[in-house]
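For reference, the structure is listed below as structure tokens.
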Amino acid sequence: MHAKQTSDLSAATHSFSTSSGAAISSSVESNSALLVHWLAYLSNYHKTGVADGLLDAVASSIRETAGTLSLGLVRPSLFSLRGQIDLLLGWLYFKDHSVEWLHVNQTGDGFKLKKELLQYLEQHTLRFAARFGILRAIKSRKEVDPYRLLSAHIHAQSVPLLPVVQDLSDLVRPEAACIECAS
Numbered sequence: 511m512h513a514k515q516t517s518d519l520s521a522a523t524h525s526f527s528t529s530s531g532a533a534i535s536s537s538v539e540s541n542s543a544l545l546v547h548w549l550a551y552l553s554n555y556h557k558t559g560v561a562d563g564l565l566d567a568v569a570s571s572i573r574e575t576a577g578t579l580s581l582g583l584v585r586p587s588l589f590s591l592r593g594q595i596d597l598l599l600g601w602l603y604f605k606d607h608s609v610e611w612l613h614v615n616q617t618g619d620g621f622k623l624k625k626e627l628l629q630y631l632e633q634h635t636l637r638f639a640a641r642f643g644i645l646r647a648i649k650s651r652k653e654v655d656p657y658r659l660l661s662a663h664i665h666a667q668s669v670p671l672l673p674v675v676q677d678l679s680d681l682v683r684p685e686a687a688c689i690e691c692a693s
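With positions in the sequence shown counted from 1, the corresponding number in the numbering used here is that position plus 510.
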């Protein structure tokens, strides 16, 4: 059974990748261009020597998203997409908090939640709240809170979001779902 299931999964990912993978990967690249540009800027001019690996991890998560979507694997790509947000917000905080970052690395405890990080930035970063408000006002995406949507999928918070996989090849989702994730 396992040999057949994994063989079918391999065939399904190969077929998907051959027919749609390059276009979807290209879409991820195109839609991530601004973030990649900002990551390069932050890496070149704002690294502090503390938690800088989080910036590299954001870039890796973008590639991970492109890779999983190019194989038709939507669910893992959702984890990668949400991870980009968590990692970048984490860097904004931990780059200036070496003791807390050391604690996270020594114990695995203390990584801040999105809500905590946004509250911290609003309280301690000049004009953050106003600028974040401007970004919300001029957004062009249809989703009000992408993080919330990604979390709902990751935590399977309602019946439509529950994973349905009978065979391993069911992990490969329709092209339309991958295109939606890539955009």
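We put the beta carbon where it would ideally sit given N, CA and C, even for glycine.
Extent of the continuous alpha helix (DSSP H) run through residue i
{"i": "Arg651", "result": "No alpha helix (DSSP H) holds Arg651; DSSP gives it neither H nor E."}
{"i": "Ala561", "result": "Ala561 -> no alpha helix (DSSP H), and no H or E assigned at all."}
{"i": "Lys605", "result": "Where Lys605 is concerned, there is no enclosing alpha helix (DSSP H), given that its DSSP letter is neither H nor E."}
{"i": "Asp518", "result": "512-526"}
{"i": "Ser537", "result": "532-541"}
Residue i (DSSP reduced to helix, strand or coil)
{"i": "Val568", "result": "helix"}
{"i": "Val682", "result": "strand"}
{"i": "Leu583", "result": "strand"}
{"i": "Arg702", "result": "Any property of residue 702 remains undetermined from this structure, which presents the chain solely from 511 to 693."}
{"i": "Val674", "result": "coil"}
{"i": "Asp596", "result": "helix"}
{"i": "Phe642", "result": "helix"}
{"i": "His663", "result": "helix"}
Residues near residue i by beta carbon distance below 7 Å, same chain, minus five either side
{"i": "Trp601", "result": "Ala561, Leu564, Leu565"}
{"i": "Leu631", "result": "Leu602, Phe638"}
{"i": "Arg683", "result": "Gly582, Val584"}
{"i": "Ile664", "result": "Leu588, Phe589, Arg592"}
Separation of residue j from residue i, as counted between CA atoms
{"i": "Lys649", "j": "Leu552", "result": "22 Å"}
{"i": "Ser520", "j": "Ile689", "result": "21 Å"}
{"i": "Leu549", "j": "Thr558", "result": "14 Å"}
{"i": "Lys605", "j": "Lys514", "result": "48 Å"}
{"i": "Ala686", "j": "Arg646", "result": "27 Å"}
{"i": "Ala662", "j": "Lys622", "result": "19 Å"}
{"i": "Ile644", "j": "His613", "result": "34 Å"}
{"i": "Leu671", "j": "Tyr555", "result": "40 Å"}
{"i": "Gln667", "j": "Pro586", "result": "16 Å"}
{"i": "Leu628", "j": "Thr516", "result": "42 Å"}
{"i": "Gln633", "j": "Gly620", "result": "19 Å"}
Contacting residues, own chain, Cβ-Cβ under 6 Å from residue i (five flanking each side not counted)
{"i": "Ala692", "result": "Ile534, Ser537, Val538, Leu579"}
{"i": "Ala576", "result": "Ser535, Val538"}
{"i": "Ile572", "result": "Ser542"}
{"i": "Ser608", "result": "Val560"}
{"i": "Leu597", "result": "Leu564, Ala567, Val568"}
Residue i burial status per 10 Å Cβ neighbour count (16 or more: buried)
{"i": "Glu653", "result": "exposed"}
{"i": "Arg641", "result": "exposed"}
{"i": "Thr523", "result": "buried"}
{"i": "Arg592", "result": "buried"}
{"i": "Gly618", "result": "exposed"}
{"i": "Glu626", "result": "exposed"}
{"i": "Ser529", "result": "exposed"}
{"i": "Gln594", "result": "buried"}
Own chain partners of residue i with C-beta closer than 8 Å, once the 5 adjacent residues on each side are dropped
{"i": "Val675", "result": "Leu681"}
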